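J.: In this note's numbering, the protein residues as written are 19 to 300. Positions of the beta carbon are idealized from the N, C-alpha and C atoms, including for glycine. Only a predicted model underlies this, so the values are computations on that prediction, with no experimental measurement involved. Could you have a look at this structure, given as structure tokens, before my questions?
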Amino acid sequence: MPRLVLLCALLACSFAASAAKVSDMAGIQIESSLHVTGTIDIGPSGDVIAHALDQPQKLPKGIIDMAARIVPQWKFEPVALQGVKISRSNMNLLFIGKKLDNGDFSIDLRSATFSGGTPDELVSLDAKQRRLPKYPDQLLSAGISGTVFVMVKIGRDGKVIAADASHVNLRVIGSESEMDLWRSALARNSIAAIKRWTFIAPKTGPEAEKAYWVGTLPVDYLIGGQKLPVYGTWQTYVAGPKALIPWQDDTFKPGVNPDALTPNTFHPAGAGRQLLTPLPGG
Numbered sequence: 019m020p021r022l023v024l025l026c027a028l029l030a031c032s033f034a035a036s037a038a039k040v041s042d043m044a045g046i047q048i049e050s051s052l053h054v055t056g057t058i059d060i061g062p063s064g065d066v067i068a069h070a071l072d073q074p075q076k077l078p079k080g081i082i083d084m085a086a087r088i089v090p091q092w093k094f095e096p097v098a099l100q101g102v103k104i105s106r107s108n109m110n111l112l113f114i115g116k117k118l119d120n121g122d123f124s125i126d127l128r129s130a131t132f133s134g135g136t137p138d139e140l141v142s143l144d145a146k147q148r149r150l151p152k153y154p155d156q157l158l159s160a161g162i163s164g165t166v167f168v169m170v171k172i173g174r175d176g177k178v179i180a181a182d183a184s185h186v187n188l189r190v191i192g193s194e195s196e197m198d199l200w201r202s203a204l205a206r207n208s209i210a211a212i213k214r215w216t217f218i219a220p221k222t223g224p225e226a227e228k229a230y231w232v233g234t235l236p237v238d239y240l241i242g243g244q245k246l247p248v249y250g251t252w253q254t255y256v257a258g259p260k261a262l263i264p265w266q267d268d269t270f271k272p273g274v275n276p277d278a279l280t281p282n283t284f285h286p287a288g289a290g291r292q293l294l295t296p297l298p299g300g
């Protein structure tokens with residue numbers, strides 16, 4: 019099967035037409051994602067007080083309406099707010115569109131993550147000890163690009179205890195055996211680099227006393243000239259199968275999809291306000 023580059027960054031108005039061109043390939047799970055950011059205000063009891071989406075003028079009306087229906091119904095884990103009436107968190111929403119077996123198209127809210135806390139309260143990357151993975155020469159020359167989602171376990175000394183790829187989303191299509199090889203090569207390359215990184219342990223807050231910390235670090239591979247999709251547009255990719263991580267614990271909350279996380283940045287698991295309401299598309 020000839021490779022088909024998928025960097026089409028689908029516009030909302032053309033989502034169905036564009037997805038139809040690539041969704042008929044049997045056995046290949048092709049999705050389009052739209053990453054939306056914003057803020058959410060939560061009361062002490064866990065009720066949503068208000069929310070706002072960033073740059074709403076760039077977002078499809080259907081996405082804004084969908085968020086307006088879903089977000090106010092959410093319930094979060096209650097917390098003591100130390101005298102303030104509400105807490106504000108940054109919000110990352112991941113909407114997924116795909117073609118159904120009957121030919122229709124669906125859009126679901128697949129993931130919602132919330133960040134909060136000060137830098138001293140969260141494990142973070144040591145910028146001096148971070149070197150992004152070198153692009154594998156064979157994949158670079160062949161035009162293979164994608165994103166590797168690496169789950170990382172960090173010890174109290176800031177060193178990596180364990181790192182494994184949960185999945186790899188590709189921006190190209192090939193045969194099943196080709197895509198397996200590409201995913202494996204990108205995953206190995208990412209894990210080897212991240213194992214050499216050093217992290218900074220949190221100094222204050224509830225995270226500071228932990229024996230270890232876990233989180234997700236998406237590693238993006240872009241061919242020269244390629245760019246990430248403009249905010250408010252869809253990105254199409256071949257979704258990779260999810261791997262079983264042998265050391266994964268309940269810190270990685272069910273239903274939290276790492277696809278909504280910013281590439282090349284470490285995202286601590288379990289940080290921020292915890293959503294109790296199941297996502298409709300999670």
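Examine the Cβ distances between the region 260-270 and the region 209-222 and report whether three or more of them are shorter than 8 Å.
T.: Not touching, per the Cβ criterion.
J.: Skipping 5 residues on each side, what residues in its chain have a beta carbon closer than 6 Å to that of D42?
T.: Indexing the sequence shown from 1 puts residue 42 at position 24. Residue placement at D42 is flagged as unreliable, the pLDDT there being 44, under the threshold of 50; a coordinate-derived value is accordingly withheld.
J.: Within this structure, are the beta carbons of M169 and L127 separated by less than 9 Å?
T.: Position 151 of the sequence shown holds residue 169. Position 109 of the sequence shown holds residue 127. In this structure, L127 does not lie closer than 9 Å to M169 by Cβ.
J.: Thinking C-alpha only, which one of R106, A203 and V89 is nearest V97?
T.: As a first step, residue 97 must be located in the sequence shown, where it is residue number 79. That would be R106, whose Cα lies nearest to the Cα of V97.
J.: Tell me, please, whether the region 150-163 touches the region 221-229 by the rule of three or more beta-carbon pairs shorter than 8 Å.
T.: The region 150-163 is not in contact with the region 221-229.
J.: In whole angstroms, what is the alpha-carbon distance linking W265 and W252?
T.: Counted from its first residue, the sequence shown places residue 265 at position 247. Counted from its first residue, the sequence shown places residue 252 at position 234. Looking at the two C-alpha atoms, the distance is approximately 33 Å.
J.: Since I believe K116 is in contact with S202 (beta carbons under 8 Å), could you give me their beta-carbon distance rounded to a whole number of angstroms?
T.: Against the sequence shown, residue 202 aligns to sequence position 184. Against the sequence shown, residue 116 aligns to sequence position 98. At roughly 25 Å, the Cβ-Cβ gap does not stay under 8 Å, so S202 and K116 are not in contact.
J.: Would a C-beta distance cut-off of 9 Å place L279 and T55 closer than the cut-off?
T.: For the purposes of this step, residue 279 is taken as residue 261 along the sequence shown, with counting starting at 1. For the purposes of this step, residue 55 is taken as residue 37 along the sequence shown, with counting starting at 1. No, they are not a contact pair.
J.: Which partner residues of L77 appear in the DSSP bridge assignment?
T.: One-based indexing of the sequence shown puts residue 77 at position 59. For L77, which the question treats as bridged, DSSP gives no partner whatsoever.
J.: Give the DSSP bridge partners of L157, in chain order.
T.: Locating residue 157 in the sequence shown gives position 139, counting from the first residue. DSSP, once it has assigned bridges, lists no residue as partnering L157.
J.: Count the other C-beta atoms from every protein chain shown that fall within 10 angstroms of the C-beta of D277, then say buried if there are 16 or more, exposed otherwise.
T.: Start at 1 with the first residue of the sequence shown, and residue 277 comes out as number 259. By the neighbour-count rule (16 or more Cβ atoms within 10 Å), D277 is buried.
J.: Closest by CA to R214, which one among V186, V178 and H69?
T.: Numbered from 1 along the sequence shown, position 196 holds the residue referred to as residue 214. Taking only the C-alpha atoms, the option nearest R214 is V178.
J.: Using C-beta distances below 7 Å, list every residue in its chain close to A226, excluding the 5 sequence neighbours before and after it, in chain order.
T.: Working through the sequence shown from its first residue, we reach residue 226 at position 208. Around A226: P220.
J.: For S184, which residues in the same chain have their Cβ closer than 8 Å to its Cβ, ignoring the five residues on either side in sequence?
T.: On the sequence shown, position 166 is the one that residue 184 refers to. The answer, listed in chain order, is F167, V168, M169, T234, K260, A261, I263 and P276.
J.: Rounded C-beta distance between R291 and I60? I'm assuming under 8 Å.
T.: On the sequence shown, position 273 is the one that residue 291 refers to. On the sequence shown, position 42 is the one that residue 60 refers to. Correct: roughly 6 Å between the Cβ atoms.
J.: Quick check on W200: does DSSP put it in helix, strand or coil?
T.: By 1-based counting over the sequence shown, the position of residue 200 is 182. Looking at W200 - three-state DSSP - the assignment turns out to be helix.
J.: For V97, which of helix, strand or coil comes out of DSSP?
T.: Translated into positions along the sequence shown, residue 97 becomes position 79. Coil at V97, not helix or strand.
J.: According to DSSP, is P90 part of a helix, a strand, or is it coil?
T.: Here residue 90 refers to the residue found at position 72 when the sequence shown is read from its first residue. In the structure shown, P90 sits in a helix (DSSP, three-state: H, G or I).
J.: Tell me which residues share the same chain as A180 and place their Cβ nearer than 6 Å to its Cβ, disregarding the 5 neighbours each side in the sequence.
T.: Translated into positions along the sequence shown, residue 180 becomes position 162. These residues qualify, in order along the chain: K171 and W265.
J.: Would L293 pass as a contact of F123 if the rule is Cβ separation under 9 Å?
T.: On the sequence shown, residue 293 is found 275 positions in, with the first residue counted as 1. On the sequence shown, residue 123 is found 105 positions in, with the first residue counted as 1. Result no, Cβ atoms of L293 and F123 do not sit closer than 9 Å.
J.: Using the Cα positions of G161 and G64, report the straight-line distance between them to the nearest angstrom.
T.: Counting from one through the sequence shown, the residue named residue 161 turns up at place 143. Counting from one through the sequence shown, the residue named residue 64 turns up at place 46. The straight-line gap from Cα to Cα measures roughly 47 Å.
J.: Nearest to W231 by alpha carbon, out of Y255, V190, V256 and A287?
T.: Locating residue 231 in the sequence shown gives position 213, counting from the first residue. Comparing Cα-Cα distances from W231 to each of Y255, V190, V256 and A287, the minimum goes to A287.
J.: Going straight from the alpha carbon of T295 to that of W92, what length do you get?
T.: Position 277 of the sequence shown, counting from 1, holds the residue named residue 295. Position 74 of the sequence shown, counting from 1, holds the residue named residue 92. Those two C-alpha atoms are separated by around 6 Å.
J.: Since A205 contacts V190 with CB under 8 Å, what's their CB separation in whole angstroms?
T.: On the sequence shown, position 187 is the one that residue 205 refers to. On the sequence shown, position 172 is the one that residue 190 refers to. Not a contact, Cβ separation roughly 16 Å.
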